[in-house]
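Asker:
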Amino acid sequence: MVLGTDELAHDDSCGCQEYRDLSRRQFVGAAAGISGMAAAAAVFPEWLPKVVLAETFAGERDVIVSIFQRGGADGLNLCVPFGDASYYTGRSTIAIPRPDAKVAANLKVTALDGYFGFPPGMSPLLPAYAARNLLVMHAAGQTFVSRSHFDAQRFMEVGKPADLNYVSGWLGRHLALVPPMRTTAPLRALGLASGLQKSLVGGPKTLPISNPASYTIGGAANTVVARQSILLADYTNAPVPLNAAALDAINTIALLQTVNFTGYAPANKAVYPNSSFGRALKSVATLIRADVGIEAAQVDIGGWDTHAAQGGAVGAQATLANDFASSLAAFHADIVATNARVTVVVISEFGRNAKENGSQGTDHGRASTMFAMGQGIAGGRVLSLGTNGLPGWPGLATDQLESRQDLRVTLDYRDVLSEIVQNRLGNTQVAQVFPGWNAKFRGVTR
């Protein structure tokens with residue numbers, strides 16, 4: 000595979016026209032065409048073992064794995080508010096039966112508490128929840144109103160809604176504000192995609208790498224050495240900062256070739272699904288356990304734009320939810336359960352309407368769910384706020400809905416991320432990570 004091949008393309012088959020028309024973000028920069036097996040030999044000798052696996056990650060702050068559910072995930076069917084009768088009156092064909100319904104267990108909700116529960120597709124995450132390492136956050140999202148996938152994703156990843164002047168992303172700004180956890184590491188963060196996700200833009204030593212196992216230069220094998228020599232000469236004499244970026248890319252290629260992705264054996268006999276998302280999380284796990292200096296990774300999972308034939312306990316979203324939950328559960332068993340210095344956070348640009356549409360699907364809404372996972376996360380519960388900002392639930396009755404159609408956002412995603420950035424990533428400059436936002440910590444972290 001050559002640089003830029005995207006194994007994690009969004010599944011747009013069920014999405015709206017705007018989502019299908021979104022252009023794939025392309026990685027543009029000198030680093031995209033540079034290989035360095037020969038150039039980096041002095042840094043990574045040929046005798047370096049192919050399996051570089053550390054039992055623990057040595058660092059003073061957590062590695063952050065940011066997951067984006069692209070398309071607008073229906074949080075009401077990812078964590079079902081079975082205690083709200085209006086959930087059932089508004090979803091005649093896609094609602095998931097209550098825990099006490101007289102149907103098979105694999106067709107109804109499993110209660111997390113007396114009000115919320117997981118649908119069958121999310122059941123792989125029950126062990127992480129029981130271990131108190133998984134926090135579910137409901138009625139969450141961005142308080143700025145946008146029903147456009149492109150705008151909502153951009154504003155959420157940039158971390159400053161409605162401001163088109165901001166180019167850098169929240170995670171990129173975080174990385175730029177803190178020193179590297181390992182000064183010699185050529186790669187601090189990666190986005191598992193063909194183009195760098197906006198959340199990572201601005202981060203030093205950050206690259207889009209769709210498949211770390213095959214990150215190399217393309218072209219004919221018999222000309223590799225010659226092309227490497229030319230690239231090395233060209234970029235060694237290039238002006239700053241181009242030369243530094245080129246050398247980082249050279250060293251990154253050499254570094255990744257020392258990691259045995261194919262032979263990686265997950266801890267606790269964890270099994271990752273053979274899906275784009277599952278393979279991506281397994282690659283991230285391999286890099287974390289290899290202890291190569293990775294501080295952040297962004298992984299996307301698309302397909303959440305369920306305007307038609309969404310399904311309930313079974314169907315399109317249930318299948319996608321099971322892939323999401325099974326992959327995340329494997330990552331929990333493999334990495335989170337064995338490593339206190341890894342935090343996972345999951346966001347989506349918006350949720351879906353509270354009531355299903357005429358096509359047995361749901362249209363663009365407002366609030367959705369967020370998830371956070373890690374030993375430093377105050378998990379084993381569902382965090383939900385009422386309209387007064389206190390623990391509660393905004394409600395799904397028509398007169399409780401925003402514009403009489405949407406679950407209200409009562410928990411801003413920036414509050415969640417700000418708390419994680421400060422308490423788990425060791426960065427107290429949250430006002431610069433999320434400019435203009437006065438964060439309120441909600442007890443997300445331990």
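Numbering (numbering that gives the first Met the number 0), first residue to last: 0 to 445. In this text, a Cβ means the ideal position worked out from N, Cα and C, and glycines have one as well.
Would DSSP call GLU54 helix, strand or coil?
Answerer: In the sequence shown, residue 54 corresponds to position 55, counting from 1. At GLU54 the pLDDT is 39, less than 50, meaning the model places this residue with poor confidence; the figure from the coordinates comes in the next sentence. Looking at GLU54 - three-state DSSP - the assignment turns out to be coil, as it is neither helix nor strand.
Asker: Can you tell me whether SER228 is buried or exposed? The criterion is at least 16 other CB atoms within 10 Å of its CB, across all chains shown.
Answerer: By one-based count along the sequence shown, residue 228 stands at place 229. Counting Cβ neighbours within 10 Å, SER228 comes out exposed, since fewer than 16 surround it.
Asker: Note down, in chain order, each residue of its chain lying with its Cβ closer than 6 Å to the Cβ of GLN404, except the 5 sequence neighbours on either side.
Answerer: Position 405 of the sequence shown holds residue 404. Taken in chain order, the residues that qualify are ASN352.
Asker: Along the beta strand (DSSP E) that carries GLN309, what are the first and last residues, could you check?
Answerer: Stepping through the sequence shown from its first residue, residue 309 is reached at position 310. For GLN309, there is no enclosing beta strand (DSSP E), as DSSP marks it with neither H nor E.
Asker: Where does the unbroken beta strand (DSSP E) through THR222 begin, and where does it stop?
Answerer: For the purposes of this step, residue 222 is taken as the residue at position 223 of the sequence shown. Run containing THR222: none; DSSP gives neither H nor E here.
Asker: Compare the Cα-Cα distances from ILE454 to each of SER198, ALA245, ALA237, LEU382 and report the closest residue.
Answerer: Outside the shown range of the chain, which is 0 to 445, sits residue 454, and nothing can be said about it.
Asker: For GLN431, which residues from the same chain have a beta carbon less than 8 Å from its beta carbon, with the 5 sequence-adjacent residues on both sides left out?
Answerer: Your numbering for residue 431 matches position 432 in the sequence shown. Within the same chain, GLN431 has close Cβ partners ARG172, LEU176.
Asker: Helix, strand or coil, according to DSSP, for PHE115 in the structure here?
Answerer: Counting from one through the sequence shown, the residue named residue 115 turns up at place 116. DSSP places PHE115 in coil when its eight states are reduced to three.
Asker: Name the two residues that bound the continuous alpha helix (DSSP H) containing SER85.
Answerer: Working through the sequence shown from its first residue, we reach residue 85 at position 86. First-last of the alpha helix (DSSP H) with SER85: 84 to 88.
Asker: Here's a check: name, in chain order, each residue in its chain whose Cβ is nearer than 8 Å to the Cβ of VAL102, leaving out the five neighbours to either side.
Answerer: The sequence position of residue 102 within the sequence shown is 103, counting from 1. These residues qualify, in order along the chain: PRO96.
Asker: Counting only the same chain and skipping the five closest in sequence on each side, list residues whose C-beta sits under 7 Å from that of GLY116.
Answerer: Here residue 116 is taken as the residue at index 117 of the sequence shown, counted from 1. Hits under 7 Å: VAL79, PHE81, PRO98, VAL108, THR109, ALA110.
Asker: Counting Cβ pairs closer than 8 Å, one from the segment 119 to 128 and one from the segment 309 to 327, do we hit at least three?
Answerer: yes
Asker: Would the segment 405 to 419 count as touching the segment 370 to 384 if we require 3 or more Cβ pairs under 8 Å?
Answerer: yes
Asker: Short of 7 Å in beta carbon distance, which residues of its chain neighbour ARG131, apart from the five on each side in sequence? Order them along the chain.
Answerer: For this step, residue 131 is matched to residue 132 along the sequence shown. GLY378, GLY379.
Asker: On the three-pair Cβ rule with 8 Å, is the segment 191 to 207 touching the segment 254 to 270?
Answerer: Output reads no: the segment 254 to 270 does not touch the segment 191 to 207.
Asker: Would you give the residue range spanned by the alpha helix (DSSP H) that VAL461 belongs to?
Answerer: The displayed coordinates of the chain run from 0 to 445. Any statement about residue 461 would go beyond what the structure contains.
Asker: Residue ranges of each beta strand (DSSP E) run of no fewer than 3 residues wholly in the segment 366 to 402, ordered along the chain?
Answerer: 367 to 372, 380 to 382
Asker: In the DSSP assignment, what residue or residues form a beta bridge with HIS363?
Answerer: Position 364 of the sequence shown, counting from 1, holds the residue named residue 363. According to DSSP, which records beta bridges pairwise, HIS363 is partnered with ARG351.
Asker: Just to confirm my understanding: we take ARG413, look at its own chain, exclude 5 residues before and 5 after, and list those with CB closer than 7 Å. What are they?
Answerer: As a working mapping, residue 413 is identified with position 414 in the sequence shown. Taken in chain order, the residues that qualify are GLY158, PHE433, TRP436, ALA438.
Asker: Any contact of the segment 141 to 148 with the segment 329 to 344, i.e. 3+ C-beta pairs under 8 Å?
Answerer: These segments do not touch.
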